[in-house]
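Notes for the one structure printed next.
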Amino acid sequence: MGRSIRTEADATASGSAHAERTCDGCGRRMPSSAAPEAKWCSGACRRHGLDDTDRALEQRIDELLAARARTSSICPSEVARSLDPDDWRPLMEPARRAARRMVARGEVEITQGGSVVDPSTAKGPIRIRRPR
613 MGRSIRTEAD ATASGSAHAE RTCDGCGRRM PSSAAPEAKW CSGACRRHGL
663 DDTDRALEQR IDELLAARAR TSSICPSEVA RSLDPDDWRP LMEPARRAAR
713 RMVARGEVEI TQGGSVVDPS TAKGPIRIRR PR
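Numbers 613 to 744, taken from our numbering, label the letters of the sequence shown in order.
Quick look at the structure:
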């Protein structure tokens, strides 16, 4: 008895408004249970926040893409290696997070096998490119 009837327009508006919200830390879509004013998707993202390394990774992605042809893409490992050639593996997930944040701002696209994928659900090897 307490259920309200939603129209198709209500469902579409709610879905599109929620789909655009991303975590400020990892760039993934916010969970449906998150409060409308929430900035972080989890306690881990809130604790980590954004630091100088995160900003440096975003800047390096931008620099590497600018140095290549508009149709080229880069791998997150290239970004990590360019910051720390000797100990780059711990920077892999932060590089992927930086790319997801840039996708949320519309600066880059994430691809797999040449096709644009949802950065929140992409698993495995990815490439980063400018939007086409």
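Where is the CB? At the ideal position from N, CA and C, for every residue including glycine.
Cutoff 8 Å; reference Arg672; Cβ partners in own chain excluding five residues on either side: Val691, Ser694, Leu695
Counted within 10 angstroms of its Cβ, other Cβ atoms place Glu675 as buried (16 or more) or exposed: exposed
For His660 and Gly736, the rounded distance between their alpha carbons: 23 Å
Euclidean distance between Cα positions of Arg741 and Ser685: 4 Å
Beta-carbon proximity check, Ser727 vs Met704, cutoff 9 Å: no
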